[in-house]
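The block underneath contains the structure these notes are about, expressed in structure tokens.
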Amino acid sequence: MHPDVDHILISASDLNARVQALGDAITAAAGAVDELLLVGVLKGSVLFMADLIRAIDRPVAIDFIAVSSYGASTASSGVVRLIKDLDSDISGRHVVLVEDIVDSGLTLSYVVDLLKRRKPASVAVCALLNKPERREADINLDYVGFDIPNEFVVGYGLDYAERYRNLPYIGVLKPSVYGC
Ligand code: 5GP
38 MHPDVDHILI SASDLNARVQ ALGDAITAAA GAVDELLLVG VLKGSVLFMA DLIRAIDRPV
98 AIDFIAVSSY GASTASSGVV RLIKDLDSDI SGRHVVLVED IVDSGLTLSY VVDLLKRRKP
158 ASVAVCALLN KPERREADIN LDYVGFDIPN EFVVGYGLDY AERYRNLPYI GVLKPSVYGC
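Here it is as structure tokens:
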């Protein structure tokens with residue numbers, strides 16, 4: 038285990054099994070839809086996205102959007118800013134928004150509103166991790182990997198100051214690392 042990690046919350050094998058189950062559920066819900074467009078929210082969702090698309094047994098296209106995140110802080114500012122827009126036109130398409138973690142829900146709510154204004158056929162939300170205790174925005178999550186407690190986690194794409202994304206598990210960062 039990485040020395041900055043206090044404990045492992047979700048092991049690599051539990052992540053693997055749950056991502057496959059999410060892929061199965063998305064496949065089942067897609068029914069006869071020709072193609073799904075999975076939209077990943079950069080950068081935290083990239084590892085999840087890479088595994089999730091391989092767990093979906095339907096044609097999938099992918100695109101990415103980037104919005105401002107916490108930077109090197111561990112608390113949401115509540116201010117969301119668009120940094121990179123989608124490359125594709127989503128009107129009339131079946132979109133699955135792929136997010137690493139939902140905390141206050143403010144980021145997700147901003148992105149969902151932005152996508153809905155572009156008249157997709159549908160927008161479903163798939164979040165790997167959900168911290169329900171800290172919810173501020175009223176949002177609907179169609180697929181959730183794991184509900185987790187209100188602790189700052191890293192690994193499997195999630196960072197603190199751009200570090201720890203390459204850990205194969207989800208771990209709780211030692212508070213001493215971010216100065217508490
Ligand atoms: P929200 O807008 O829901 O409060 O925050 C969502 C974003 O905050 C996530 O996409 C992620 O970038 C960041 N975030 C929230 N909680 C955590 C956490 O425990 N660990 C990490 N690494 N990022 C988090």
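Per the working numbering, residue 38 is the first one in the sequence shown, and the count goes up by one each step. For each residue, glycine too, the CB sits at the ideal point set by N, CA and C. Every value quoted in this text rests on a predicted model; they were computed, and no experiment measured them.
Who are aspartate 61's beta bridge partners in DSSP? For aspartate 61, which the question treats as bridged, DSSP gives no partner whatsoever.
In three-state terms, what does DSSP make of serine 159? strand
task: Report yes if the C-beta of phenylalanine 183 is less than 7 Å from at least one heavy atom of the ligand 5GP; otherwise report no.
output: no
The beta strand (DSSP E) spanning leucine 134 covers which residue range?
-> 131 to 139
(request) Pull up the DSSP beta-bridge partners for lysine 121, would you. (result) Under DSSP, lysine 121 takes part in a beta bridge, and its partners are Ala103.
Looking only at its chain, what residues have a beta carbon closer than 8 Å to the beta carbon of lysine 22, apart from the 5 residues adjacent to it on each side? This structure cannot settle anything about residue 22, because the visible part of the chain is limited to 38 through 217.
Could you give the residue range of the alpha helix (DSSP H) that holds aspartate 43? Run containing aspartate 43: none in the alpha helix (DSSP H); it sits in the beta strand (DSSP E), 42 to 47.
For aspartate 137 and leucine 166, which I take to be in contact (beta-carbon distance under 8 Å), what is that distance rounded to the nearest angstrom?
7 Å
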